[in-house]
Structure formats: C-alpha cells, structure tokens
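Written below as structure tokens is the structure these notes are about.
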Amino acid sequence: MARKKKTDKIIKVTLVKSPIGYTKRQKSTVRALGLSRMNQTVEHLDSAVLRGMLAKVSHLVRVEE
4 MARKKKTDKI
14 IKVTLVKSPI
24 GYTKRQKSTV
34 RALGLSRMNQ
44 TVEHLDSAVL
54 RGMLAKVSHL
64 VRVEE
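Take any residue in the sequence shown, note its place counting from 1, add 3, and you have its number in our numbering.
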C-alpha cells in the first residue's frame, strides 16, 4: 500500500447488500475490497482504482468519505 500523506483521503466502505445472486465478477470485486460479511466496514485510501471498483458494485456498498 502507498505511504499515507496528510492529503490522502480515507474512504469507508460498508457492505449493505449481499452479493449472492450477482455475477462472479461482482462477488470478486466485493472480496477484493476486503468485505466478507454484511455490515462490515473497511477503510481504504482514495484512488482511481478504488473508485472504479466502487462504481462496479455501487448497488451493494455504502461509501463514506
């Protein structure tokens, strides 16, 4: 992971809907975000890659800046 700077933003991501019944690709994206259980929250540094992943599973997660 990159070095943390004062200007880096932290993004909190919470799994609010189960990925059961969705494509394998979406399930893999949820796992890659570090989410495995409902209502689990993880923190990530804001980046373009993270924003792209969140866009693909936006219907399954809640994002807080």
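Note that beta-carbon positions come from the ideal geometry of N, C-alpha and C, so glycine has one too.
> Of the residues His62, Gly55, His47, Ser61, which one's Cα is nearest the Cα of Glu71?
Replying inline: With the chain covering 4 to 68 only, the question about residue 71 has no answer from this structure.
> Does the distance from the CB of Met41 to the CB of Leu63 come in under 8 Å?
Replying inline: Cβ atoms of Met41 and Leu63: not closer than 8 Å.
> Which of the three DSSP states, helix, strand or coil, is assigned to Leu63?
Replying inline: Coil, per DSSP.
>> Output needed for Leu53: all residues of its chain with C-beta closer than 6 Å, excluding positions within five of it in sequence on either side, in chain order.
In response: Excluding sequence neighbours, Leu53 sits near His47.
>> Helix, strand or coil for Val52? Go by DSSP, reduced to three states.
In response: Annotated three-state conformation of Val52 is helix, per DSSP.
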